[in-house]
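J.: Per this note's numbering, residue 1263 is the first one in the sequence shown, and the count goes up by one each step. Cβ coordinates follow ideal geometry from the N, Cα and C atoms, glycine included.
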Amino acid sequence: MSESLDRQPALAYPTSQLRMHRFVGLEPGPRLIVLGAVHGNEVAGARGIERVVAEMDSGALPLVRGSVTFVPVTNPLAYQKVQRNGDRNLNRNLRPTDTPQDFEDRIANVLCPLLAGHEVLLDLHTFQAASEPFAMLGPADNTGDLEPFTHALAEQALALRLGVRRVVEGWLSTYALGVQQRLARTPPQSRAGLLSTDPSYGVGTTEYMRSQGGYAITLECGQHADPAAPEVAYRAIRNTLAHLGLVDAPAPPACQNLELLRLAQVVDRYHPDDAFIRPWSSFDPISAGQQVATRHDGTPVLASMDGYIVFPNANATPGNEWFYLAQPSVRDMSAGLPVT
């Protein structure tokens, strides 16, 4: 079914509080948290969450083990403004602070301890240019400095059961390379500039969750206005609850036609007049040397490799990421799955 992306939900979301719904089963099990509207103009997750909460409240979908916390609107200021950010991007530089300087800092001081109290995160987003839904996966198990991790197999297993066929990895490592390029290009001259040249600015909800010992998936449910996106969010939540055994429902099957890509490069927008040569959508194929955009001074921006464009943002703030390039990944996604 398709659902309307009506801006007005059944409940109001004032900016003085963070509304959440928590269900606790009487048997032990995993602790799951599901977020919607981390970006205020991405409402499909909120609609999907509201639908599942209504089913659980009515008794149609009882939680039998573990716990689940739903946060339909994680950034109420951005949601109220009907735009991506309130004062800044909540899904960057996510960490607690003793000296909050903006609304997102104050949300982080509530959200970060909340995430740390759970084991699994499903974060529901949408994107700007029309394309099919996809999941964002974290790193393989590693002991490195950037994003050490020990739950890759569990995270892979969840990603394969969300109901989407496309999975993308490599976010934080690619973002960190972009930060190095940004620092080499220009010194920061503002707080926004300082943040965008800090590698930890790439840390959002899923990266923070992994830093606290859990695992996490970002699910991009479709284009912002796609009436099918709330159904993608709803189905992913239901599949996650079943996969983790929190509800008594058939275990969702693993995706059999997976397309796995790895982010390889990020390209920043430098100037307000930098422009794409045409409207791009995520996962449009691109060839090495093909022109993607033009700088304000007429310099062509060429693809450095064969692959796919991801997250093209025609309205990107100068000094921040404009688009990514991705290539097929060689990661083994069959590891940890049951033998059939």
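Verify whether the separation of the beta carbon atoms of Gly1328 and Leu1376 is less than 8 Å.
T.: In this structure, Leu1376 does not lie closer than 8 Å to Gly1328 by Cβ.
J.: If you draw a straight line from the alpha carbon of Gly1379 to that of Trp1433, how long is it in whole angstroms?
T.: Distance between the alpha carbons of Gly1379 and Trp1433 is about 24 Å.
J.: Return the chain-ordered list of same chain residues with a C-beta closer than 7 Å to the C-beta of Phe1396, the five sequence neighbours on each side being excluded.
T.: Val1426, Arg1428, Val1429, Val1430, Glu1482, listed in sequence order.
J.: Run through the stretch 1549-1582 for me and flag every whole beta strand (DSSP E) of 3 or more residues, listed as ranges in chain order.
T.: Taking only runs of at least 3 residues, the beta strand (DSSP E) segments lying wholly in the stretch 1549-1582 are 1553-1556, 1562-1564, 1569-1572.
J.: Closest to Pro1567 by C-alpha separation, out of Gln1553, Pro1512, Ala1306, Asp1594, would be which residue?
T.: Position check: residue 1567 holds Met in this sequence, whereas Pro was assumed. Among Gln1553, Pro1512, Ala1306, Asp1594, the Cα nearest to that of Met1567 belongs to Gln1553.
J.: Return the first residue and the last residue of the beta strand (DSSP E) that Gly1328 is part of.
T.: Its beta strand (DSSP E) spans residues 1327-1333.
J.: Note down the Cα distance separating Glu1304 from Thr1388, rounded to an integer number of angstroms.
T.: In a straight line, the C-alpha of Glu1304 is about 5 Å away from that of Thr1388.
J.: Assign Ala1597 to one of two classes, buried (16 or more other C-beta atoms within 10 Å of its C-beta) or exposed (fewer than that).
T.: So Ala1597 counts as exposed.
J.: Start and end of the beta strand (DSSP E) containing Cys1483?
T.: Unbroken beta strand (DSSP E) run through Cys1483: 1477-1485.
J.: Within the chosen definition, does the stretch 1536-1544 reach the stretch 1493-1504 through at least 3 CB pairs nearer than 8 Å?
T.: With a cut-off of 8 Å, the stretch 1493-1504 and the stretch 1536-1544 do not count as touching, because too few Cβ pairs lie within range.
J.: By the 10 Å Cβ neighbour count, where 16 or more other Cβ atoms means buried, how is Asn1519 classified, buried or exposed?
T.: Counting Cβ neighbours within 10 Å, Asn1519 comes out exposed, since fewer than 16 surround it.
J.: Considering only DSSP beta bridges, list what Pro1534 is partnered with.
T.: Answer is none; Pro1534 lacks a bridge partner.
J.: Return the bridge partner residues of Glu1289 from the DSSP annotation.
T.: Arg1327, per the DSSP bridge assignment.
J.: For the alpha helix (DSSP H) containing Arg1428, list its first residue and its last residue.
T.: Not the alpha helix (DSSP H): Arg1428 falls in the beta strand (DSSP E), residues 1428-1431.
J.: Under DSSP, the beta strand (DSSP E) around His1387 begins and ends at which residues?
T.: Element bounds for His1387: 1382-1389.
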